[in-house]
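> Chains as they are written, first to last, in our numbering: chain A, 37 to 353; chain B, 37 to 353; chain C, 37 to 353; chain D, 37 to 353.
Protein chains: 4
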Amino acid sequence: MTDQHPDAAYDEVRRLGKELSNWGRWGADDEIGTLNLVDAAAIQRGAACVRDGVGFTLALPLGEGGPHTNETPGRFNPHHYMTAIGMSVPASPFFHFSDDVVVLPLNAATQWDSLAHVHYEGLLYNGRPADEALSVAGAAYNGIDKQARHPFATRGVLVDVGRARGVDRLAPDVAIGPDEVDAVLEGTGTAVHPGDVLLVRTGHMQTFLVDGDRAALNGPAPGLGLAMAPWLRAHDLAAVAADNVMVEVTPSEDGATICPLHLVAIRDMGLLLGEFFALDALADACAAAGRWEFQFVAPPLPFTGGISSPLNPVALL
Amino acid sequence: MTDQHPDAAYDEVRRLGKELSNWGRWGADDEIGTLNLVDAAAIQRGAACVRDGVGFTLALPLGEGGPHTNETPGRFNPHHYMTAIGMSVPASPFFHFSDDVVVLPLNAATQWDSLAHVHYEGLLYNGRPADEALSVAGAAYNGIDKQARHPFATRGVLVDVGRARGVDRLAPDVAIGPDEVDAVLEGTGTAVHPGDVLLVRTGHMQTFLVDGDRAALNGPAPGLGLAMAPWLRAHDLAAVAADNVMVEVTPSEDGATICPLHLVAIRDMGLLLGEFFALDALADACAAAGRWEFQFVAPPLPFTGGISSPLNPVALL
Amino acid sequence: MTDQHPDAAYDEVRRLGKELSNWGRWGADDEIGTLNLVDAAAIQRGAACVRDGVGFTLALPLGEGGPHTNETPGRFNPHHYMTAIGMSVPASPFFHFSDDVVVLPLNAATQWDSLAHVHYEGLLYNGRPADEALSVAGAAYNGIDKQARHPFATRGVLVDVGRARGVDRLAPDVAIGPDEVDAVLEGTGTAVHPGDVLLVRTGHMQTFLVDGDRAALNGPAPGLGLAMAPWLRAHDLAAVAADNVMVEVTPSEDGATICPLHLVAIRDMGLLLGEFFALDALADACAAAGRWEFQFVAPPLPFTGGISSPLNPVALL
Amino acid sequence: MTDQHPDAAYDEVRRLGKELSNWGRWGADDEIGTLNLVDAAAIQRGAACVRDGVGFTLALPLGEGGPHTNETPGRFNPHHYMTAIGMSVPASPFFHFSDDVVVLPLNAATQWDSLAHVHYEGLLYNGRPADEALSVAGAAYNGIDKQARHPFATRGVLVDVGRARGVDRLAPDVAIGPDEVDAVLEGTGTAVHPGDVLLVRTGHMQTFLVDGDRAALNGPAPGLGLAMAPWLRAHDLAAVAADNVMVEVTPSEDGATICPLHLVAIRDMGLLLGEFFALDALADACAAAGRWEFQFVAPPLPFTGGISSPLNPVALL
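(1) Step through the CB atoms of chain C and report whether any lies within less than 9 Å of the CB of F112(B).
(2) Between the segment 224-244 of chain B and the segment 272-283 of chain B, do at least 3 Cβ pairs fall closer than 8 Å?
(3) Could you check what DSSP says for A127(A) in three-state terms: helix, strand or coil?
(4) With a threshold of 9 Å between beta-carbons, can I212(B) be considered close to chain A, or not?
(5) Does N143(A) come within less than 9 Å of chain B when only Cβ atoms are used?
(6) Quick check on L194(D): does DSSP put it in helix, strand or coil?
(7) In chain D, what lies closer than 8 Å to T119(B) by C-beta?
(8) Counting only C-beta atoms, is V137(A) closer than 9 Å to chain C at any point?
(9) Where A263(D) and R81(C) are concerned, what is the direct C-alpha to C-alpha distance, given to the nearest angstrom?
(10) Hey, does V154(B) have any beta-carbon neighbour from chain D nearer than 9 Å?
(11) Shorter than 9 Å from the beta carbon of P109(C) to some beta carbon of chain B?
(12) Apply the 10 Å Cβ neighbour rule to V246(B) and answer buried if 16 or more other Cβ atoms are within range, or exposed otherwise.
(13) Does G202(C) come out as helix, strand or coil in the three-state DSSP assignment?
(14) Is it buried or exposed for V139(D), if we count other Cβ within 10 angstroms and need 16 for buried?
(15) Mind checking who S345(B) pairs with in its DSSP beta bridge?
(16) What ranges does the alpha helix (DSSP H) occupy inside the segment 255-318 of chain B, keeping only unbroken runs of at least 4 residues that lie completely in it?
(17) In chain A, which residues lie with their C-beta within 8 Å of the C-beta of V86(C)?
(18) Just the chain B side, please: which residues come within less than 8 Å of N106(C) by C-beta, in chain order?
(19) Report the option in L337(C), V86(C), M118(C) and V285(C) whose CA atom is closest to the CA atom of V210(C).
(20) Can you pull the chain B residues whose beta carbon is under 8 Å from the beta carbon of P336(A), in chain order?
(21) Counting only C-beta atoms, is V172(C) closer than 9 Å to chain B at any point?
(22) Tell me whether the beta-carbon of A334(A) lies closer than 9 Å to the beta-carbon of L56(A).
(23) Which residues bound the alpha helix (DSSP H) around T243(A)?
(24) Just the Cα atoms here: how many angstroms apart are H153(D) and V233(C)?
(25) According to DSSP, is G158(A) part of a helix, a strand, or is it coil?
(26) Among H132(B), I212(B) and T93(B), which one has its Cα closest to the Cα of M187(A)?
(27) Short check: CB of L353(B) to CB of A321(B), under 9 Å?
(28) How many Å lie between L98(A) and P349(A) at the Cα?
(29) Can you tell me which of the three DSSP states A120(D) falls into?
(30) Any beta carbon of chain D sitting closer than 9 Å to that of E100(A)?
(31) If you follow the alpha helix (DSSP H) that L221(C) is part of, which residue opens it and which one closes it?
(32) In this structure, how does DSSP classify E107(B) when only helix, strand and coil are distinguished?
(33) DSSP has S134(D) in a bridge; who is on the other side?
(34) Does DSSP classify L337(C) as helix, strand or coil?
(35) Can we count F188(A) as close to the ligand GDP, meaning its CB is less than 8 Å from some heavy atom?
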């Protein structure tokens, strides 16, 4: 933190928010934002990317072995409890069943943030007043249940920044900008289209999957810089996900703002951000195939009023 | 219940289990069963079904408005709690965020049963001893986390029994058999292939979605008869899902056994069963398009040791 | 509900609240209200009531067999999950342990409402602004953790209205007033002193404990009328508890207000209300002994920021 | 851990268990063990200890600020969620209420272990077979709900070992034995009687309450040695509690057994153990008053089938 006045620190957020706003673009009642860009053409374009019939699931484990350190209230690996273990019923002892239940933070592990997750100046995406949208009952507007109703299947493009730089993983303070993303795309001969989803691989997930170091995973992390906001808007991406905790670089580049890209992306652009995506196996396959495009199917679950949702994204090459 | 000895009541289950068994078919260590049939060809065949670029999500709401009556311990609609509501941090009051958590039965709403869900005679699918596989820590073998690692994307086929009979919904005691399924498939000119998923529409979900009658939804329900087991095995389906609570007709046709199709399908065939699927909109679109095949992407979430998993299945026409 | 303007309906609540207010009586920072009346003399007076050495616990079961119908979100019988069942550790297989966890509404079963439970006109007990006191983090002021720090041991007095009327249980619409309470006390030769706790038995708990009818238990119920507020204040009771769901008669006598006694007692008087107390065995013992006074020890548990707390009250004759 | 055979390591546990057993002493069906010693005389003797009318509550906070490190699955500080925050109902906007829920390990913070908590050789207290008593549904026998039905009010005696030694807190490896307890009792002129509860203060709680060091609190800790088992049996104490995590010294004196005193006390003697008791303020008051006896009221809560129960114990001087 700095002694700079917090409001002034967010001048650029405000400016970008205004410039890149999608408010009203899909109607005054829209609650799904850039998912609107996943139209029939995008769905078809995604399916057309399936050639080898090879698939990958991109979710981290949902359990005690998950990515959280459990030190932050409200952010913990899900607790799993059995409610029946090989139970039978007196009248029919032949039949045995098991059942279970979880206590699950909706931001646990691999997840989409809904368009209700962050806001500023009292308004959420598309101008919804925070005090109308948010309550103890959850998100009355812009919640993940709204986004979960759209068929989230489109073309995905992997931008493997780590591999492009020839390193296992980026240093924690690396802010990835448009020039680097353009260079990686050009280097792999990959174009992006409106309605595509961008998956950005930093290699930072290896702090967890290779080192088993949850503190490092959840500490300072490489990610997108704020300058990516105009790029994402210009290319009309439907969503962006990464193999880190926040998609964007943390702490932020200016050292004074908290999650500035979250604010512009979610609140002004209505753009979904996907966190904790496991991209290593997919990246290896893309490199082997020399193709960095695939069908990407990743619907959140319809938690009523939910702020986020865990999911198991699928990429098909 | 009858006064028949329970064991004798399950003679047919035992016989079919032995006859239709897939134990060892994919190796002694296999924990995903018929998902093995979702191979490269199946993934490609699924993607090839996408023509119009129209998609459907098949999940019921996960919230107080879900399908459970909350009368059965361990089976209730998820509880949703907010852990942050537009919260800001002292150093940066411009930034606001919200977060949430759920208490979630893994069999809540639309879900896959894992291959650890039911068993008999002390053994689970592929011969895993129940006492090795099941404990308070969950399923050490055959759990939904194992099935969640396979890219569950293939061709789906809808068998709309309700529509074929010209009724809104089937009566609760209707057991759907192979002849009827064959007739519906023939009537719609649809073939099934190994690795496909069969979605069976009974119309029973309208007790909930139209009538709002959760007791009726969870009471006696039409569904597959036990005679469908050999049919599913003969056609090597990867999974079968339906718009009811158990896939199979409940109570069972013989009136003496509990979920006989569950036992044979899950324990002997290693076949995934999908419950509480919302199929009405998809069915309308299939009828309008005159096509009852589509790409079907439906990975469960990797809950470690999980017995079931909610999900948001996607069908793309 | 009536067509009367809601605010006008609460005129009497406002008037009584002003008249009976304890705001400032124990300092501007007080957060425990009438528990202040449990002083050294009250503690001694309570202990002096122990003669026969006979004790009673007054709590309902905390489990699936509890008093809730589970139909109201946020009000359900606790869910109980095992986290270890006779578990041993590899290095020391001789030792076995079990552990468990509950999902527990703090208003489940026998409980005290904290002084943060209800409010009106934006202020809680002792003038705490609701927006300062209440948030997603719980009660920053007046919460049950504050009341839990005071040693809640005093003299208890049972007013057995059911028995005095010669009936098993009062009809659901009976509002108990000061005259009847005075008559019962006089009839049993029992005086009340400042700092005492009043336990009021209506017999309504038998709808649950005898009939097993949770809907009746949680439906219309006999209880204190609003006219009891001045009586409780005049006698400076430390708390009042009853064998029903709300202490006060529900629906309210005027048919237009919700829990008017709650509002005056908790918000203005700072008086703790105890709900779902099981008083039948104690009442039988009092009648047999001809003594309706006893030591009463009933501390809530220190749930940080808690709105209520379940507990196991003890009465010693 | 050592390479000693685990079974041999527990020879002394087996020997003491046999020698000190209370199985059958209160009947074959007994499920409350030494709580039987809390009889009318004990209740009266406890009440007679109340002289000054000064009381103390002995519970640690139940919330994020509790004593757990959250690193052990199943042992974490309770999660607290609001289900209503100053909510009103449309028909009556004057009335506002708040409600909440917790996810609560029953061993969180200050608690009694039930007589179902530990066992060996397949049997629980009073010879209950573990496989009959323990299941995913909780403790069918010996659970905390059984002990919660007994009025747990008796005479308490504080043995302040830290103060007697003239130190703030004992070193983590101190095992307190009968000679030291006798010396402290003699030094304070305090006798113990059958049915009394012994509260043992080691000062170890200061690692948490003064240092805020949860890892130290839950790490190696001073406590009772195994030699205290015969002493507790000879004096027929109703329960013993301490200001540490396990009552007994951890790791155990022999370095090879896990919680040997737990096994003998809970499984063989049927003696309740109380953990995480906050005794510092009570100890100061006892020292100031020159009296180390008081009334002690500490009923667990009746969690159906519960293995433990948090509570708020009260000591009255």
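Beta carbons are placed, not taken as given, at the ideal position from N, Cα and C, and that holds for glycine. These numbers were taken from a predicted model, which means no experiment stands behind them.
In brief:
(1) Residue 112(B) sits at position 76 when you count from the first residue of the second sequence. Answer yes: the Cβ-Cβ gap between F112(B) and chain C drops below 9 Å somewhere.
(2) Inter-segment contact for the segment 224-244 of chain B and the segment 272-283 of chain B is present: three or more beta-carbon pairs are separated by less than 8 Å.
(3) Taking the first sequence and counting its residues from 1, the one referred to as residue 127(A) is at position 91. In the three-state reduction of the DSSP assignment, A127(A) falls in the coil class.
(4) Position 176 of the second sequence holds residue 212(B). Closer than 9 Å: no.
(5) As a working mapping, residue 143(A) is identified with position 107 in the first sequence. Chain B, which has a Cβ nearer than 9 Å to the Cβ of N143(A), makes this yes.
(6) Position 158 of the fourth sequence, counted from the start, is the residue given in the question as residue 194(D). Strand at L194(D).
(7) The sequence position of residue 119(B) within the second sequence is 83, counting from 1. Ordered by position in chain D, the residues that pass the 8 Å Cβ test against T119(B) are Y117.
(8) Residue 137(A) sits at position 101 when you count from the first residue of the first sequence. Chain C, which has a Cβ nearer than 9 Å to the Cβ of V137(A), makes this yes.
(9) Taking the first residue of the fourth sequence as 1, we reach residue 263(D) at position 227. Taking the first residue of the third sequence as 1, we reach residue 81(C) at position 45. Between the C-alpha atoms of A263(D) and R81(C) there is a straight-line separation of about 40 Å.
(10) Residue mapping note: residue 154(B) aligns to position 118 of the second sequence, counting from 1. Residue contact with chain D for V154(B): absent (no Cβ-Cβ distance below 9 Å to any residue of chain D).
(11) As a working note, residue 109(C) is residue 73 in the third sequence. Contacts with chain B at 9 Å (Cβ-Cβ) include P109(C).
(12) The count along the second sequence starts at 1 and reaches residue 246(B) at position 210. Classification of V246(B): exposed, given that the 10 Å Cβ count is below 16.
(13) Translated into positions along the third sequence, residue 202(C) becomes position 166. Assigned with DSSP and collapsed to three states, G202(C) falls in coil, not helix or strand.
(14) Reading the fourth sequence from its first residue, position 103 is the one you call residue 139(D). Counting Cβ neighbours within 10 Å, V139(D) comes out buried, since at least 16 surround it.
(15) Position 309 of the second sequence, counted from the start, is the residue given in the question as residue 345(B). DSSP, once it has assigned bridges, lists W148(B) as partnering S345(B).
(16) You should have 264-270.
(17) Sequence index remark: in the third sequence, residue 86(C) carries index 50 (1-based). Going along chain A, no residue has its Cβ under 8 Å from V86(C), so there is no contact; the nearest lies around 42 Å.
(18) One-based indexing of the third sequence puts residue 106(C) at position 70. For the C-beta of N106(C), the chain B residues within less than 8 Å are, from N- to C-terminus, N106, E107 and F112.
(19) As a working note, residue 210(C) is residue 174 in the third sequence. Checked all of L337(C), V86(C), M118(C) and V285(C); the closest Cα to V210(C) is V285(C).
(20) Reading the first sequence from its first residue, position 300 is the one you call residue 336(A). What P336(A) touches in chain B: N348.
(21) For the purposes of this step, residue 172(C) is taken as residue 136 along the third sequence, with counting starting at 1. With a threshold of 9 Å between beta carbons, V172(C) makes contact with chain B.
(22) Start at 1 with the first residue of the first sequence, and residue 334(A) comes out as number 298. Start at 1 with the first residue of the first sequence, and residue 56(A) comes out as number 20. With contacts defined as CB atoms closer than 9 Å, A334(A) and L56(A) fail to qualify as a contacting pair.
(23) The residue you call residue 243(A) lines up with position 207 of the first sequence. First-last of the alpha helix (DSSP H) with T243(A): Q242 to L245.
(24) Here the question's residue 153(D) lines up with position 117 in the fourth sequence. Here the question's residue 233(C) lines up with position 197 in the third sequence. H153(D) and V233(C): Cα-Cα distance of roughly 35 Å.
(25) Taking the first residue of the first sequence as position 1, residue 158(A) is located at position 122. Reduced to three states, the DSSP call for G158(A) is coil.
(26) If you number the first sequence from 1, residue 187(A) lands on position 151. Reading off the sequence, residue 187(A) comes out as Pro, not Met. Nearest of H132(B), I212(B) and T93(B) to P187(A), Cα basis: T93(B).
(27) The residue labelled residue 353(B) in the question sits at position 317 within the second sequence. The residue labelled residue 321(B) in the question sits at position 285 within the second sequence. The Cβ-Cβ distance between L353(B) and A321(B) falls below 9 Å.
(28) The count along the first sequence starts at 1 and reaches residue 98(A) at position 62. The count along the first sequence starts at 1 and reaches residue 349(A) at position 313. Roughly 13 Å separates the two Cα atoms.
(29) Stepping through the fourth sequence from its first residue, residue 120(D) is reached at position 84. DSSP places A120(D) in strand when its eight states are reduced to three.
(30) Position 64 of the first sequence, counted from the first residue, corresponds to residue 100(A). For E100(A), the nearest CB of chain D lies under 9 Å from its own CB, placing it at the interface with that chain.
(31) Position 185 of the third sequence, counting from 1, holds the residue named residue 221(C). For L221(C), the enclosing alpha helix (DSSP H) starts and ends at P214 to G223.
(32) Reading the second sequence from its first residue, position 71 is the one you call residue 107(B). It is coil, neither helix nor strand.
(33) Counting from one through the fourth sequence, the residue named residue 134(D) turns up at place 98. Beta-bridge analysis with DSSP links S134(D) to no other residue.
(34) As a position in the third sequence, residue 337(C) is number 301, starting the count at 1. Under the three-state reduction of DSSP, L337(C) is assigned to coil, being neither helix nor strand.
(35) For the structure depicted, the ligand GDP is absent and the ligand set is empty, with no information on it obtainable.
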